[in-house]
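Quick note on this note's numbering: the sequence shown kicks off at 4 and runs consecutively.
Glycine is no exception: its CB is placed at the ideal position from the N, C-alpha and C atoms.
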Amino acid sequence: QVQLVESGGGLVQAGGSLRLSCTASGSIFSINVMDWYRQAPGKQRELVAGITSADSVKGRFTISRDYTKNTSYLQMNKLKPEDTAMYYCHARIQETPRGLERTYWGQGTQVTVSS
């Protein structure tokens, strides 16, 4: 059973920084995609950073990955109140060499930016 566990969310003042982490564990042969989404109240879930980044975060958010630890990081700088949302890690993972790629989501970590 594969799990994605996020950490690093919290409350920060506008202009501050946070770093989110997402670690995949379990039966993993290959992690083909690892990216970050967010969902604010009343809004649709949106891609924040991955192969592409949302225009609203370009120049402020950076995604990175430690392949040895099956971990993705989202460094968020110059945070704004409009960045307030639940942030979710998303991954597409193969559990075996011949297995199908499956989609997994973390439980989410809350980021709140005060003005």
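How should A17 be labelled, buried or exposed, when 16 other C-beta atoms within 10 angstroms of its C-beta is the threshold for buried?
Taking the sequence shown and counting its residues from 1, the one referred to as residue 17 is at position 14. Flag for A17 reads exposed.
Does the beta-carbon distance from Y76 to Y40 come in below 8 Å?
Indexing the sequence shown from 1 puts residue 76 at position 73. Indexing the sequence shown from 1 puts residue 40 at position 37. No; because the gap between Cβ atoms is not below 8 Å, this pair is not in contact.
Please state whether DSSP places S59 in a helix, a strand or coil.
As a first step, residue 59 must be located in the sequence shown, where it is residue number 56. Under the three-state reduction of DSSP, S59 is assigned to helix.
Which residues bound the beta strand (DSSP E) around T99?
Here the question's residue 99 lines up with position 96 in the sequence shown. It is not in any beta strand (DSSP E) - T99 carries neither H nor E in the DSSP assignment.
Which residues does DSSP pair with G13 in a beta bridge?
As a position in the sequence shown, residue 13 is number 10, starting the count at 1. For G13, which the question treats as bridged, DSSP gives the partners V114.
Just to confirm, are S33 and Q6 a CB contact at a threshold of 8 Å?
Against the sequence shown, residue 33 aligns to sequence position 30. Against the sequence shown, residue 6 aligns to sequence position 3. Cβ distance not < 8 Å, so S33 and Q6 don't count as in contact.
Closest to I54 by CA distance: which of F64, D69, G62 and D38 is it?
Translated into positions along the sequence shown, residue 54 becomes position 51. Selected option, being the one with the closest Cα: D38.
Are the beta-carbon atoms of G109 and M89 separated by less than 8 Å?
As a working note, residue 109 is residue 106 in the sequence shown. As a working note, residue 89 is residue 86 in the sequence shown. Contact flag unset, no.
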